[in-house]
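Protein chains in written order, with the working numbering: chain A, 1 to 447; chain B, 1 to 268.
Idealized CB from N, CA, C, for every residue including glycine.
Model, not experiment: these values are computed from the prediction.
Data first, discussion second: the structure below is written as structure tokens.
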């Protein structure tokens, strides 16, 4: 009896729902960047100026908002509006924005904040407002030392980015790269590290030896790279904090193309002997060396999947250089690229869903992505010479380097760092003091 | 006994003979009846979706020979043909029509063509701008075909028994919301990107109440993007106010459900 009553009840409920409602499917929208207003952060009275590297920063609130704006613009996902059009003062806006004013300039989101600076302390609080819904979306505060103000700006950028896009940001990160100076025939190459927006550059080596392919450890404290010490190319390990360097493993020959495992416990690299190179790993704790591939061809550029279960690498075992995927123990090797041209430098995305690579076809270089099974190949950018993509920690942006042609007089050569996002539209030059190559993106610093 | 049977038989036989002989002479000349013509009754809706009449079928076959090109939606028969078709179209005709229309409207196919990286290789000269243009176009195409698809289903199903919006009313509303909706660009492509929002409107088209139907999904782990998507949809509705609703028939559209789906846009 109860069952019957329930059925009758359900019948009426569904019937009443079905009869009245009109459904309209919305399958299109605009893909324009989100208009966002970043109000200068209000500096509370009584605050002091920040002295940093012989520079005096007077209005740190405004400087922070500028850094945030640049981050947003570079991401391609936001359109920071011009400050000239802002009507409301920063101090009042931070307490309670007049949403009608911000609506007028077509802002959909608003960032406001307040800064208090004393001699040894910087306190920043910020709020993110949904202008259309007229409500607060996020409010946070940080305290740090005053010379850390740029990092605060990056952290705010990350928080806003995460709140508005639903995925992690990548602004509070650093990039390690090879800084290059001098003519092409006699380049000085130094390891350099900088913030992802090109500021705060520091040099880690002196430039006496050639250095190549630096890579961050997952904790960002260690760097592994290739150095030609006494003309023998070997994989080195460098502790950024202490500056201590050491050779990785005791190999009777050349080692190259190093990279950390996702847990940071191993380094995977190539070891070459008698014209044949295979992939090896070395455990950093136990120093145990393990051979992963054993083939008469050249196997190199290994990169772990984020879960550590698989490794992608490139090999010329089929005659031409192609990308392969295997289990972390070296079994079950599968070729995944079958397109025309050569494929190299595979890098597994931190999200795990894609592999980025360099492709050479008819003397043109492409940076592209594909799924780990080799399907869905997409070429994002094409140029005269470019290679070595590295993923942003959220798996949305790739950084790589691009070289220009040398003309007949031997001039015109340059190497610059570029970034491109997965849409393939948002391609940006990254400003560096010197020429740069072989960039590697760190993971988020504030995790 | 046998005699009576015999008489009966004789009597019946004579009756049959009589009838056979006499009746034809009594009948007058038959009326000249016209040949029977079957008439098909069709209800005309906003968008015609009737099976193609024979002439249209001929055109169809011709077109099919010409590299299987697509028949325009407006190609269907004239009014005359509807009244006096020579015969009722076979069900096979319908199938043919469906197949061809599918070719045009299958968004998967359009997408694949553009997404295939091997397309790049075919071209000797590779111009990223061109590809950007292609991708742009493909997005428009998919969206357009999708829209058309919906139009058809709407005329087939919805308008027939739900007293909803007419196609032009619905298109006006859609076009308005398309312009207001800024898609969050960082969404994961592989997930279900559908947000259903139920609205109660005022007679002037402003929103009295809005409700996200799958609200529980917002707080599920790994579905952080859904909140962002839902917020963008709500924002679109708010920016668009007042909605372009018909001036009359408030009762008809005061409850409205908008299904925001970002999948096609982001995958293209």
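Sequence-distant residues of its chain with Cβ nearer than 6 angstroms to residue 384 of chain A (five each side left out): 405
Would you mind sorting residue 29 of chain A into buried or exposed? The rule is 16 or more other CB atoms within 10 Å of its CB. buried
With a Cβ-Cβ cutoff of 8 angstroms, do residue 261 of chain A and residue 299 of chain A count as a contact? Not closer than 8 angstroms, so no.
Whose Cβ in chain C lies nearer than 8 angstroms to the Cβ of residue 265 of chain B? Given the protein chain composition of this structure (A and B), no chain C is represented.
Could you please tell me which residues of the region 136 to 170 of chain A, in chain order, have their CB closer than 9 angstroms to any CB of chain B? 137, 161, 162, 163, 164, 165, 166 and 167
Between the beta-carbon of residue 346 of chain A and the beta-carbon of residue 401 of chain A, is there less than 8 angstroms? No; because the gap between Cβ atoms is not below 8 angstroms, this pair is not in contact.
The beta strand (DSSP E) enclosing residue 226 of chain A, as first and last residue numbers: Note, residue 226 of chain A: beta strand (DSSP E), 222 to 229.
Helix, strand or coil for residue 314 of chain A, going by three-state DSSP, please let me know. strand
3 or more residues per run - each beta strand (DSSP E) lying fully within the region 371 to 421 of chain A: Here the runs fully enclosed are 378 to 383, 385 to 391, 397 to 403 and 415 to 421.
So which residues on chain B does residue 77 of chain A lean against when the C-beta distance must stay under 7 angstroms? 185 and 186
Looking at the structure shown, is residue 451 of chain A part of a helix, part of a strand, or coil, going by DSSP? Lying before the first or after the last residue shown, residue 451 of chain A is absent from chain A, which here runs from 1 to 447.
Determine the burial state of residue 326 of chain A: buried for a count of at least 16 other Cβ atoms within 10 Å of its Cβ, exposed for fewer. buried
I'd like to know if residue 207 of chain B contacts chain A, where contact means its C-beta is closer than 8 angstroms to some C-beta of that chain. It does not; no Cβ of chain A falls within 8 angstroms.
Can you confirm whether residue 335 of chain A, when its beta carbon is compared against all beta carbons of chain B, has any partner nearer than 8 angstroms? no
Inter-stretch contact at 8 angstroms, needing at least 3 Cβ pairs: the region 8 to 17 of chain B / the region 184 to 202 of chain A: no
Distance, Cα to Cα, residue 165 of chain A vs residue 411 of chain A? 44 angstroms
Are the region 242 to 257 of chain B and the region 171 to 180 of chain B in contact at 8 angstroms, needing three or more beta carbon pairs? Using a Cβ-Cβ distance cut-off of 8 angstroms, the region 242 to 257 of chain B and the region 171 to 180 of chain B are in contact, since at least three pairs of beta carbons, one from each stretch, lie closer than that value.
Nearest to residue 266 of chain A (by Cα), restricted to the options A/398, A/235, A/130 and A/281: A/281
Can you tell me which residues form a DSSP beta bridge with residue 268 of chain A? A/259 and A/281
The region 193 to 202 of chain B / the region 228 to 243 of chain B touching (three or more Cβ pairs under 8 angstroms): Taking 8 angstroms as the limit for Cβ pairs, the verdict is that the region 228 to 243 of chain B does touch the region 193 to 202 of chain B.
In its own chain, which residues sit with a C-beta less than 8 angstroms from the C-beta of residue 349 of chain A, not counting the 5 before and 5 after it? 306, 355, 356, 369, 391 and 395
Give the range of the beta strand (DSSP E) segment to which residue 426 of chain A is assigned. First-last for residue 426 of chain A: undefined, no H or E at that position.
Identify, in the order they occur along the chain, each residue of the same chain with its Cβ nearer than 7 angstroms to the Cβ of residue 317 of chain A, setting aside the five sequence neighbours on each side. 295 and 297
Looking at the secondary structure, which residues open and close the beta strand (DSSP E) in which residue 439 of chain A lies? 435 to 441
Just to check my reading of the structure: residue 185 of chain B and residue 31 of chain A have Cβ atoms closer than 8 angstroms, yes? What is that Cβ distance to the nearest angstrom? With 8 angstroms as the limit, residue 185 of chain B and residue 31 of chain A qualify as a contact, their Cβ atoms being about 7 angstroms apart.
Taking C-beta to C-beta, are residue 441 of chain A and residue 175 of chain A nearer than 8 angstroms? yes
Distance cutoff 8 angstroms, beta carbons only. Does residue 34 of chain A sit that close to anything in chain B? Residue contact check for residue 34 of chain A against chain B: a CB pair falls below 8 angstroms.
Looking at the structure shown, is residue 219 of chain B part of a helix, part of a strand, or coil, going by DSSP? helix
Name the chain B residues that come within less than 7 angstroms of residue 123 of chain A, Cβ to Cβ? Neighbours of residue 123 of chain A on chain B: none; closest Cβ ~28 angstroms, over 7 angstroms.
Please state whether DSSP places residue 189 of chain B in a helix, a strand or coil. Under the three-state reduction of DSSP, residue 189 of chain B is assigned to coil, being neither helix nor strand.
With 8 angstroms set as the bound, which would you pick, yes or no: does the beta-carbon of residue 245 of chain B sit closer than that to a beta-carbon of chain A? no
By the three-class DSSP mapping on this structure, what secondary structure does residue 257 of chain B have? DSSP places residue 257 of chain B in strand when its eight states are reduced to three.
Please list the partners that residue 222 of chain B has in chain A, where partner means a Cβ-to-Cβ separation under 9 angstroms. Within chain A, no residue comes near residue 222 of chain B; the closest Cβ sits about 11 angstroms away, beyond 9 angstroms.
How do the region 51 to 63 of chain A and the region 203 to 220 of chain B stand: do at least 3 beta-carbon pairs fall below 8 angstroms, yes or no? Flag = no, the region 51 to 63 of chain A and the region 203 to 220 of chain B do not touch.
Bridge partners for residue 52 of chain A per DSSP, in chain order? A/55
Tell me, please, whether the CB atom of residue 82 of chain B is closer than 8 angstroms to any CB atom in chain A? Reliability of the predicted coordinates at residue 82 of chain B is poor, the pLDDT of 44 falling under 50, and the value obtained from them is presented with this limitation in mind. Not an interface residue.
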